[in-house]
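*Asks:* Residue numbers (our numbering): 45 to 337.
C-beta: ideal position from N, C-alpha, C; glycine also.
Nothing here was measured: the structure is a model prediction, and the numbers come from that model.
This is the structure I want to talk about, given as structure tokens.
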Amino acid sequence: MSSTKSIKDQIISVFNTQKITKAMEMVAVSKMRKTEERMRAGRPYANIIKKVISHILQGSLEYRHSYLEHRKVKRVAIIIISTDRGLCGSLNTNLFKQVLFKIQKFTKMSVVCDLILFGLKSLSVFKSCSSMILSQVNNIGDSPKLSDFIGSINEVLEKYKKNQIDQILIAYNVFQNKILQCPTVSQLLPLSIKNFKNFKNSDMKSKKWDYLYEPESKIILDVLFNRYIESQVYQSILENVASEQASRMVAMKTATDNSKNRITELKLIYNKARQSSITQELTEIVSGAAAVN
Numbered sequence: 045m046s047s048t049k050s051i052k053d054q055i056i057s058v059f060n061t062q063k064i065t066k067a068m069e070m071v072a073v074s075k076m077r078k079t080e081e082r083m084r085a086g087r088p089y090a091n092i093i094k095k096v097i098s099h100i101l102q103g104s105l106e107y108r109h110s111y112l113e114h115r116k117v118k119r120v121a122i123i124i125i126s127t128d129r130g131l132c133g134s135l136n137t138n139l140f141k142q143v144l145f146k147i148q149k150f151t152k153m154s155v156v157c158d159l160i161l162f163g164l165k166s167l168s169v170f171k172s173c174s175s176m177i178l179s180q181v182n183n184i185g186d187s188p189k190l191s192d193f194i195g196s197i198n199e200v201l202e203k204y205k206k207n208q209i210d211q212i213l214i215a216y217n218v219f220q221n222k223i224l225q226c227p228t229v230s231q232l233l234p235l236s237i238k239n240f241k242n243f244k245n246s247d248m249k250s251k252k253w254d255y256l257y258e259p260e261s262k263i264i265l266d267v268l269f270n271r272y273i274e275s276q277v278y279q280s281i282l283e284n285v286a287s288e289q290a291s292r293m294v295a296m297k298t299a300t301d302n303s304k305n306r307i308t309e310l311k312l313i314y315n316k317a318r319q320s321s322i323t324q325e326l327t328e329i330v331s332g333a334a335a336v337n
């Protein structure tokens with residue numbers, strides 16, 4: 045049986061770990077409230093602009109924007125939104141599994157995949173991948189700003205406009221609640237009415253119509269579609285940041301509870317070892333006294 049000193053050292057070590065995980069849990073709770081508020085504040089705008097785009101797609105547009113063109117897919121860009129730090133459970137792992145499955149599926153179809161990485165964890169995983177990394181943004185932080193990502197977003201949009209990329213996907217974690225975060229891979233471009241199921245209007249199906257634009261449709265739609273892409277990417281980043289803090293809170297609470305259980309187990313082992321040591325000492329004393337007599 046292990047010596048009482050080594051067991052005592054283990055108890056102290058686990059106890060110190062428990063204090064750290066408890067502190068990290070409290071920090072995650074505080075950060076989660078702020079990130080969740082920021083994420084929920086951004087949802088109305090993202091939903092409204094999505095509703096506007098869905099209405100436009102259901103019309104018979106005179107100006108056909110490049111974002112509406114469905115081409116033969118030869119090259120795909122995937123925007124991957126991950127965390128900068130670990131200790132957040134399986135949040136990143138579950139997302140990366142879905143992305144790797146997509147990449148494997150595209151590879152079998154002889155489709156080339158380019159990656160845009162947001163977050164250090166995605167870089168550490170996909171830098172050894174055969175796919176080319178177009179751009180990367182690290183140090184997202186708890187209060188991300190769109191200006192930090194606009195350069196990478198515009199870069200991939202320019203490639204799409206020049207027909208160098210045929211499809212753009214985005215992978216991130218959707219914040220459902222404090223316990224559940226769902227890894228999602230969805231299509232950004234080309235825009236398709238299939239991606240707006242919740243915003244479809246059955247009254248528009250049988251009618252051919254278009255909006256009246258001022259100054260002109262090209263200028264309005266160019267700006268509107270770009271704003272839509274930017275808003276969806278930024279909202280996805282906010283969703284992922286909120287998911288990170290929620291997942292870290294749960295992971296640290298689990299670690300704290302496990303540490304508590306481990307300390308209880310080690311204390312029981314320590315008491316047994318100490319009792320065994322005392323029993324052995326008493327036996328030696330009695331044996332020595334018997335030998336003298």
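In the DSSP output, which residue or residues are listed as bridge partners for residue 179?
*Replies:* Locating residue 179 in the sequence shown gives position 135, where the first residue counts as 1. Residue 179 pairs with 160.
*Asks:* Go ahead and pull the three-state DSSP assignment for residue 219.
*Replies:* Translated into positions along the sequence shown, residue 219 becomes position 175. Reduced to three states, the DSSP call for residue 219 is strand.
*Asks:* Would a C-beta distance cut-off of 8 Å place residue 197 and residue 277 closer than the cut-off?
*Replies:* Residue 197 sits at position 153 when you count from the first residue of the sequence shown. Residue 277 sits at position 233 when you count from the first residue of the sequence shown. Judged by their CB atoms, residue 197 and residue 277 are nearer to each other than the 8 Å cut-off.
*Asks:* Taking all protein chains shown into account, do 16 or more other C-beta atoms lie within 10 angstroms of the C-beta of residue 273, making it buried, or fewer, making it exposed?
*Replies:* Translated into the one-based positions of the sequence shown, residue 273 becomes position 229. Residue environment for residue 273: buried (at least 16 other C-beta atoms within 10 angstroms of its C-beta).
*Asks:* Would you tell me roughly how many angstroms separate the C-alpha atoms of residue 140 and residue 90, rounded to the nearest one?
*Replies:* Here residue 140 refers to the residue found at position 96 when the sequence shown is read from its first residue. Here residue 90 refers to the residue found at position 46 when the sequence shown is read from its first residue. Cα-Cα distance, rounded: 25 Å.
*Asks:* Taking the beta strand (DSSP E) that residue 228 belongs to, which residues open and close that run?
*Replies:* Mapped onto the sequence shown, residue 228 falls at position 184. Looking at the DSSP string, the run of the beta strand (DSSP E) that includes residue 228 is 225-233.
*Asks:* Nearest CA to the CA of residue 303: which residue from 53, 59, 47, 51?
*Replies:* Taking the sequence shown and counting its residues from 1, the one referred to as residue 303 is at position 259. The closest CA to that of residue 303, considering only 53, 59, 47, 51, is found on 59.
*Asks:* How would you label residue 132, buried or exposed, when you count the other beta carbons within 10 angstroms and need 16 or more for buried?
*Replies:* By one-based count along the sequence shown, residue 132 stands at place 88. Buried, by the Cβ-count rule.
*Asks:* State the CB to CB distance for the pair residue 269 and residue 114, rounded to an integer number of angstroms; the pair is presumed to be in contact (CB under 8 Å).
*Replies:* If you number the sequence shown from 1, residue 269 lands on position 225. If you number the sequence shown from 1, residue 114 lands on position 70. Contact doesn't hold; Cβ gap of about 15 Å is too wide.
*Asks:* Quick one: Cα of residue 216 to Cα of residue 284, how far?
*Replies:* What you label residue 216 is simply residue 172 of the sequence shown in a count that begins at 1. What you label residue 284 is simply residue 240 of the sequence shown in a count that begins at 1. Whole-angstrom Cα-Cα distance: 6 Å.
*Asks:* Starting from the Cα of residue 146, find the closest Cα among 165, 121, 135, 164 and give me that residue.
*Replies:* Start at 1 with the first residue of the sequence shown, and residue 146 comes out as number 102. Comparing Cα-Cα distances from residue 146 to each of 165, 121, 135, 164, the minimum goes to 121.
*Asks:* Just how far apart, CA to CA, sit residue 332 and residue 312?
*Replies:* For the purposes of this step, residue 332 is taken as residue 288 along the sequence shown, with counting starting at 1. For the purposes of this step, residue 312 is taken as residue 268 along the sequence shown, with counting starting at 1. In a straight line, the C-alpha of residue 332 is about 30 Å away from that of residue 312.
*Asks:* If you drop the 5 nearest sequence neighbours on each side, which residues of the same chain put their C-beta closer than 8 Å to that of residue 101?
*Replies:* Here the question's residue 101 lines up with position 57 in the sequence shown. Closer than 8 Å at the Cβ level, and outside the excluded window around residue 101, lie 112, 235, 236, 237, 240.
*Asks:* Can you grab the Cα-Cα spacing for the pair residue 94 / residue 86, in whole Å?
*Replies:* Looking up residue 94 in the sequence shown gives position 50. Looking up residue 86 in the sequence shown gives position 42. The alpha-carbon atoms of residue 94 and residue 86 are separated by roughly 13 Å.
*Asks:* Which residue's Cα is closest to the Cα of residue 170: 126, 185, 211, 203?
*Replies:* Numbered from its first residue, the sequence shown carries residue 170 at position 126. Nearest C-alpha to residue 170: 126.
*Asks:* Using 8 Å as the threshold, is the segment 172-188 in touch with the segment 157-164, meaning 3 or more CB pairs across them?
*Replies:* Segments in contact, yes.
*Asks:* Ends of the alpha helix (DSSP H) at residue 87?
*Replies:* In the sequence shown, counting from the first residue as 1, residue 87 sits at position 43. Per DSSP, residue 87 belongs to the alpha helix (DSSP H) from 48-101.
*Asks:* Thinking just about the alpha-carbon of each residue, which of 136, 318, 306 is nearest to the one in residue 62?
*Replies:* Position 18 of the sequence shown, counting from 1, holds the residue named residue 62. It is 306.
*Asks:* Could you name the residues that DSSP lists as bridge partners for residue 120?
*Replies:* If you number the sequence shown from 1, residue 120 lands on position 76. Answer is 157, 211, bridged to residue 120.
*Asks:* Going straight from the alpha carbon of residue 142 to that of residue 324, what length do you get?
*Replies:* Indexing the sequence shown from 1 puts residue 142 at position 98. Indexing the sequence shown from 1 puts residue 324 at position 280. Each residue's Cα considered, the two are about 58 Å apart.
*Asks:* Relative to the C-alpha of residue 187, which candidate in 231, 293, 279, 233 has its C-alpha closest?
*Replies:* Counting from one through the sequence shown, the residue named residue 187 turns up at place 143. The shortest C-alpha separation from residue 187 is found at 279.
*Asks:* Write down the C-beta distance between residue 286 and residue 137 rounded to the nearest angstrom, noting that I regard them as a contact closer than 8 Å.
*Replies:* Taking the sequence shown and counting its residues from 1, one reaches residue 286 at position 242. Taking the sequence shown and counting its residues from 1, one reaches residue 137 at position 93. Not confirmed; about 18 Å, so no contact.
*Asks:* Label residue 341 either buried or exposed according to how many other C-beta atoms from any shown protein chain fall within 10 Å of its C-beta, with 16 as the threshold for buried.
*Replies:* Only positions 45 to 337 of the chain appear in the structure, and residue 341 is not among them; the question remains open.
*Asks:* Can you find the residues in the same chain that come closer than 8 Å, C-beta to C-beta, to residue 193, ignoring five residues on each side of it along the sequence?
*Replies:* One-based indexing of the sequence shown puts residue 193 at position 149. Contacts found: 162, 181, 277, 278, 281.
*Asks:* Per DSSP, what kind of secondary structure is residue 147 in: helix, strand or coil?
*Replies:* Start at 1 with the first residue of the sequence shown, and residue 147 comes out as number 103. Residue 147 falls in the helix class under three-state DSSP.
*Asks:* Pull the bridge partners of residue 184 from the DSSP assignment, please.
*Replies:* By 1-based counting over the sequence shown, the position of residue 184 is 140. Paired residues: none, contrary to the question.
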